[in-house]
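Chains as they are written, first to last, in numbering that gives the first Met the number 0: chain A, 0 to 488; chain B, 0 to 488.
In what follows, a structure is listed as structure tokens, so that the remarks can point back to it.
Number of protein chains: 2
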Amino acid sequence: MADTIESTQTPTFVREITKMSEDFDRWYTDVVRKAELADYSPVRGCMVVRPYGYAIWEHIQRAFDDMIKSSGHENWYFPLLIPESFLAREAEHVEGFTPEVAWVTEAGKHGRLEERLAIRPTSESIIGGTVGRYIQSHRDLPVLLNQWCNVVRWEMRTRLFLRTAEFLWQEGHTFHATAQEAMDEVDLILEYYRRIAEDWLAIPVLVGRKSETEKFAGAVYSKSIEAMMRDGLALQAGTSHYFGQNFSQAYGISFTAHDNRREYCYTTSWGISTRLVGGLVMAHGDDAGLVLPPRVAPVQAVVVPIFRDAEGREHVRRFVETWQDLIRDAGVRLRVDWSEERPGEKFNRWELKGVPLRLEVGPRDVEANQVMLVDRLSRERRPLPVAGLADRLQEELDRFQIRLFERALEFRRRNTYEFATLAELVAHFREGTGFAWAPWCGRDECEARVKEETGGVTTRNFEPDVPAQGTCLVCGRPARWRVAFGRSY
Amino acid sequence: MADTIESTQTPTFVREITKMSEDFDRWYTDVVRKAELADYSPVRGCMVVRPYGYAIWEHIQRAFDDMIKSSGHENWYFPLLIPESFLAREAEHVEGFTPEVAWVTEAGKHGRLEERLAIRPTSESIIGGTVGRYIQSHRDLPVLLNQWCNVVRWEMRTRLFLRTAEFLWQEGHTFHATAQEAMDEVDLILEYYRRIAEDWLAIPVLVGRKSETEKFAGAVYSKSIEAMMRDGLALQAGTSHYFGQNFSQAYGISFTAHDNRREYCYTTSWGISTRLVGGLVMAHGDDAGLVLPPRVAPVQAVVVPIFRDAEGREHVRRFVETWQDLIRDAGVRLRVDWSEERPGEKFNRWELKGVPLRLEVGPRDVEANQVMLVDRLSRERRPLPVAGLADRLQEELDRFQIRLFERALEFRRRNTYEFATLAELVAHFREGTGFAWAPWCGRDECEARVKEETGGVTTRNFEPDVPAQGTCLVCGRPARWRVAFGRSY
Numbered sequence: 000m001a002d003t004i005e006s007t008q009t010p011t012f013v014r015e016i017t018k019m020s021e022d023f024d025r026w027y028t029d030v031v032r033k034a035e036l037a038d039y040s041p042v043r044g045c046m047v048v049r050p051y052g053y054a055i056w057e058h059i060q061r062a063f064d065d066m067i068k069s070s071g072h073e074n075w076y077f078p079l080l081i082p083e084s085f086l087a088r089e090a091e092h093v094e095g096f097t098p099e100v101a102w103v104t105e106a107g108k109h110g111r112l113e114e115r116l117a118i119r120p121t122s123e124s125i126i127g128g129t130v131g132r133y134i135q136s137h138r139d140l141p142v143l144l145n146q147w148c149n150v151v152r153w154e155m156r157t158r159l160f161l162r163t164a165e166f167l168w169q170e171g172h173t174f175h176a177t178a179q180e181a182m183d184e185v186d187l188i189l190e191y192y193r194r195i196a197e198d199w200l201a202i203p204v205l206v207g208r209k210s211e212t213e214k215f216a217g218a219v220y221s222k223s224i225e226a227m228m229r230d231g232l233a234l235q236a237g238t239s240h241y242f243g244q245n246f247s248q249a250y251g252i253s254f255t256a257h258d259n260r261r262e263y264c265y266t267t268s269w270g271i272s273t274r275l276v277g278g279l280v281m282a283h284g285d286d287a288g289l290v291l292p293p294r295v296a297p298v299q300a301v302v303v304p305i306f307r308d309a310e311g312r313e314h315v316r317r318f319v320e321t322w323q324d325l326i327r328d329a330g331v332r333l334r335v336d337w338s339e340e341r342p343g344e345k346f347n348r349w350e351l352k353g354v355p356l357r358l359e360v361g362p363r364d365v366e367a368n369q370v371m372l373v374d375r376l377s378r379e380r381r382p383l384p385v386a387g388l389a390d391r392l393q394e395e396l397d398r399f400q401i402r403l404f405e406r407a408l409e410f411r412r413r414n415t416y417e418f419a420t421l422a423e424l425v426a427h428f429r430e431g432t433g434f435a436w437a438p439w440c441g442r443d444e445c446e447a448r449v450k451e452e453t454g455g456v457t458t459r460n461f462e463p464d465v466p467a468q469g470t471c472l473v474c475g476r477p478a479r480w481r482v483a484f485g486r487s488y
Numbered sequence: 000m001a002d003t004i005e006s007t008q009t010p011t012f013v014r015e016i017t018k019m020s021e022d023f024d025r026w027y028t029d030v031v032r033k034a035e036l037a038d039y040s041p042v043r044g045c046m047v048v049r050p051y052g053y054a055i056w057e058h059i060q061r062a063f064d065d066m067i068k069s070s071g072h073e074n075w076y077f078p079l080l081i082p083e084s085f086l087a088r089e090a091e092h093v094e095g096f097t098p099e100v101a102w103v104t105e106a107g108k109h110g111r112l113e114e115r116l117a118i119r120p121t122s123e124s125i126i127g128g129t130v131g132r133y134i135q136s137h138r139d140l141p142v143l144l145n146q147w148c149n150v151v152r153w154e155m156r157t158r159l160f161l162r163t164a165e166f167l168w169q170e171g172h173t174f175h176a177t178a179q180e181a182m183d184e185v186d187l188i189l190e191y192y193r194r195i196a197e198d199w200l201a202i203p204v205l206v207g208r209k210s211e212t213e214k215f216a217g218a219v220y221s222k223s224i225e226a227m228m229r230d231g232l233a234l235q236a237g238t239s240h241y242f243g244q245n246f247s248q249a250y251g252i253s254f255t256a257h258d259n260r261r262e263y264c265y266t267t268s269w270g271i272s273t274r275l276v277g278g279l280v281m282a283h284g285d286d287a288g289l290v291l292p293p294r295v296a297p298v299q300a301v302v303v304p305i306f307r308d309a310e311g312r313e314h315v316r317r318f319v320e321t322w323q324d325l326i327r328d329a330g331v332r333l334r335v336d337w338s339e340e341r342p343g344e345k346f347n348r349w350e351l352k353g354v355p356l357r358l359e360v361g362p363r364d365v366e367a368n369q370v371m372l373v374d375r376l377s378r379e380r381r382p383l384p385v386a387g388l389a390d391r392l393q394e395e396l397d398r399f400q401i402r403l404f405e406r407a408l409e410f411r412r413r414n415t416y417e418f419a420t421l422a423e424l425v426a427h428f429r430e431g432t433g434f435a436w437a438p439w440c441g442r443d444e445c446e447a448r449v450k451e452e453t454g455g456v457t458t459r460n461f462e463p464d465v466p467a468q469g470t471c472l473v474c475g476r477p478a479r480w481r482v483a484f485g486r487s488y
């Protein structure tokens, strides 16, 4: 099997975007590539993140980094390479990740290494094996650490942003003196993730706990945010894990408590990744391409000048130059497109790239001291006076952000169902998608049965504090939780 | 040979810092570890960057990222793993880097890979092998790209920050239609690097070109900034390379020029790394520890409250709380140390951590509505009234930044020499260190002779546009350049 594929010398350009309704998967890949978010690379399963995609990731990074720093988390950096013996110390963890590990076995003049080194698939083991030395007493706790880095998970089937052999993420790892404090940390971060998804990416999410089957390898429990894509499939968009003392025992991370006894720490970990960029595409996009929420859009408003000849161009240019810097100084990410394409081509390109607001400026607009506003959602044209334009654009962007969220929420509402029996649920998922709520006893067997009979529908998450009514959709025992089922990426 | 070393279960703490004059290398490692910048890891040659060290790197990142974005550069992300066949395409390049490469040979369920994958030691080859597809015509140029990432170079002898198997850096890669434009880019970035070193890190640098022997593997020429450490050794602190068409020919990166002919691009690459954090330690530190330039200091001013009892503590606390937020809101990174140590211990700790300004606040200061300012350079104590404190602190920080730079400049002046003959230079470097300027014919042989006779002194860089006077210090031929010699890290 060749592990390096595709000659880069023969580029394949995406000429047209497949219609979403025709083939959602191809539509997705077409949009990601044609909107210049990312591209395949010559390394199997690894992607090239292009500037337009990377800029979105930078906005997400900045927002989340500010949140965690405001609550005392600090950024560290730990080694990329993890000795095999380290990875092996926590049994469930190693079992969960080993099938996906890429191994360094030779290096430099050394030649063959005595012990294989794993490229981190996640860093619990290297952090667990390192951070213990900084923790002596309860006064050293909590340790609230985070790192922004790349990880490698050797997946057989990959997809740009959603599942790639290498991806970028943040991974938080925290160490606490009490179980309660660690569990509170899991919830704090989950709330940050909800804000990133809902307030920044305009994607409504289900916030809840994963089942035993779906939790992280080695966790006591995992919580997640789950988003619905426009094909009705679920995307796990962020996870926050509580480990109890599992990892601290495996890695010997202990502290001297108030009563002078040595105790193991309670730990958590949590992560979001560049997968969110893919989620953004699939939650908001349409047949014309991307639709970007203003808060993370690299370009929030694009000016398309309209003119017939060089003189007209000069006329429009002088007009635009009287206000473009005012708009930028007010904090709007504005681009003026002076390229040589025709206006219609520019409209298409910036729609493809999901820019929220387009400002058309022609000779008549210059006379009227106005711009013609077209937004990416409604596509209606409305004149806006240049006086007070910066404030008006900010208002439009704020409104766009809210409308986009509400549209996604409405979409989720229309694609959310409630079932009482396995038969109903199976019947629904024969053709249908979306989220299906059902009462569940909480046992693995019933979950497995649903997965089997539907050919892959799994529990997404549930609110652990909300007791369920009725009986388990599968076995008829009293229900423990009301859980959301769905097919997922 | 064991490739994973050191049990992390038996932490070795640095109790005292070795005196700089006794053993500079041990002094350096003690300071890096005890000031909590970084630490050894269980992976041979890889380090753990701790929050205090990482925060300095974040300040450097932000400053440089703003500079390059202001001139149209964009951040991308390329794969960590590079197929061996890609690395091999540029002959000099592969020869230069292969001895340091860590190889992935096994992955996931695949088991053994058909082709080895290199962990990037630098990304010319993967970027060169990828970016060509985005360049069709001269209208697509220039492509000005950058990435922030980790790289791995398997070094035999490693040192925290200065030479580690894995390090963090930015690598810029640019593609131009003309040689002149590419050469201008090399100089633009070199000027940014000079600003990072001098204006941000307060480290004066020699800005110039490297010799043929010292240039980057595969470059037409390399330029660098070279700093002097407090042991008189040179640190190459940033490099900017001009490749001509070497890489674009090897990787087939061509464009259609105005005259419709297909031409190869002219390319550059350039990088700075976490090595700069080590340079910061060695350029400014002293026997008490770090001295940090305010512009990158994680903590710019620390308040140490002084009191006898709980009542005194409350008294001081109420006072500090009347102004601490005003200082922070004015943009000063202020920390108030309410830990349980004695004031003397706190003084030592924050001096060790190189915090520029210390504000002591005791009962008498509360009465006088003032703080007692002690700066890390002069250590003189001066009262500052609370009225207008934020502005005064900003002024003090600005002055501190300048004084630190001037001190380093003065140190470099005192340790810079001018020699006309090899004999003089060899005699000097028998015991001495520092930079030694000498006229040089530019030939490899003469450079090699200096290196041999001094046991390792190399050319650092030279100003290519300044013609030299006199004759080569080695061979007596007419000098081509005046070049700086030095021992280097």
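All C-beta atoms in this analysis are idealised placements derived from N, C-alpha and C, irrespective of residue type, glycine included.
query                                                                                                                                        : result
CB of residue 319 of chain B within 7 Å of CB of residue 302 of chain B, strictly                                                            : yes
Status (buried if at least 16 other CB within 10 Å, exposed otherwise) for residue 468 of chain A                                            : exposed
For residue 439 of chain B and residue 445 of chain B, the rounded distance between their alpha carbons                                      : 8 Å
Among B:183, B:197, B:317, B:203, nearest to residue 266 of chain B - alpha-carbon criterion                                                 : B:183
Rounded separation between residue 466 of chain A and residue 278 of chain A - CA only                                                       : 30 Å
CB of residue 80 of chain A within 7 Å of CB of residue 116 of chain A, strictly                                                             : yes
Within 7 Å, strictly: CB atoms of residue 105 of chain A and residue 102 of chain B                                                          : yes
8 Å contact criterion, which residue 369 of chain A and residue 383 of chain A should meet: CB distance rounded                              : 6 Å
Beta carbon proximity, residue 354 of chain A to chain B, threshold 7 Å                                                                      : no
Alpha-carbon to alpha-carbon, residue 49 of chain B and residue 31 of chain B                                                                : 10 Å
Own chain partners of residue 255 of chain A with C-beta closer than 7 Å, once the 5 adjacent residues on each side are dropped              : 135, 136, 137, 261
Boundaries of the alpha helix (DSSP H) in which residue 105 of chain B is found, first to last residue                                       : That residue, residue 105 of chain B, is in no alpha helix (DSSP H); its beta strand (DSSP E) goes 101 to 106.
Rounded separation between residue 299 of chain B and residue 54 of chain B - CA only                                                        : 12 Å
Per-residue burial, residue 44 of chain A [other beta carbons within 10 Å of its own, 16 or more giving buried]                              : buried
Residue ranges of each alpha helix (DSSP H) within the segment 387 to 440 of chain B, 4 or longer                                            : 388 to 413, 421 to 430
Neighbourhood of residue 332 of chain A by C-beta distance below 6 Å, restricted to the same chain and skipping five residues each side      : 298, 299
Nearest candidate by alpha-carbon position, reference residue 166 of chain A, set A:379, A:118, A:217                                        : A:118
Touch test, the segment 66 to 84 of chain B against the segment 230 to 245 of chain B, Cβ-Cβ under 8 Å, three pairs minimum                  : no
Within-7 Å CB hit, residue 45 of chain B to chain A                                                                                          : yes
Segment contact, 8 Å Cβ cut-off, at least three pairs: the segment 216 to 234 of chain A with the segment 424 to 440 of chain A              : yes
Cβ-based neighbour list, residue 476 of chain A, same chain, cut-off 6 Å, excluding 5 preceding and 5 following                              : 440
Endpoints, the alpha helix (DSSP H) within which residue 128 of chain B is located                                                           : 123 to 130
Every unbroken beta strand (DSSP E) inside the segment 299 to 375 of chain B [3 residues or more]                                            : 300 to 304, 333 to 335, 356 to 360, 369 to 374
Buried or exposed by the 16-neighbour rule on C-beta atoms within 10 Å, applied to residue 74 of chain B                                     : buried
7 Å Cβ cutoff met for residue 489 of chain B and residue 210 of chain B                                                                      : This structure does not reach residue 489 of chain B, given that chain B is present from 0 up to 488, and the question cannot be answered.
Contained alpha helix (DSSP H) runs [length at least 4] in the segment 19 to 78 of chain B, N- to C-terminal order                           : 23 to 33, 50 to 69
Residue 238 of chain B - partner residues in DSSP beta bridges                                                                               : B:223, B:270
Proximal chain A residues relative to residue 155 of chain B, where beta-carbon distance stays under 9 Å                                     : 107, 108, 109
Simplified DSSP assignment, three categories, for residue 9 of chain B                                                                       : For residue 9 of chain B, the predicted model reports a pLDDT of 33, less than 50, meaning its position is unreliable; a value from the coordinates is still stated below. If DSSP states are grouped into helix, strand and coil, residue 9 of chain B belongs with coil.
For residue 46 of chain B and residue 92 of chain A, the rounded distance between their alpha carbons                                        : 24 Å
For residue 460 of chain A and residue 483 of chain A, the rounded distance between their alpha carbons                                      : 6 Å
6 Å CB neighbourhood of residue 10 of chain B in its chain, flanking five on each side removed                                               : Because the pLDDT of residue 10 of chain B is 37, which lies under 50, any placement of that residue in the model is unreliable, and the number read from its coordinates should be weighed accordingly. Nothing meets the Cβ criterion.
is_contact[residue 256 of chain B, chain A] using C-beta, thresh 7 Å                                                                         : no
Chain-order list of residues whose beta-carbon lies under 7 Å from that of residue 492 of chain A (same chain, five-residue window excluded) : The structure shown does not extend to residue 492 of chain A, since chain A is modelled only from 0 through 488, so no value can be given for it.
Min CB distance residue 34 of chain B to chain A below 7 Å                                                                                   : no
DSSP bridge partner residues for residue 288 of chain B (one or two, in chain order)                                                         : B:285
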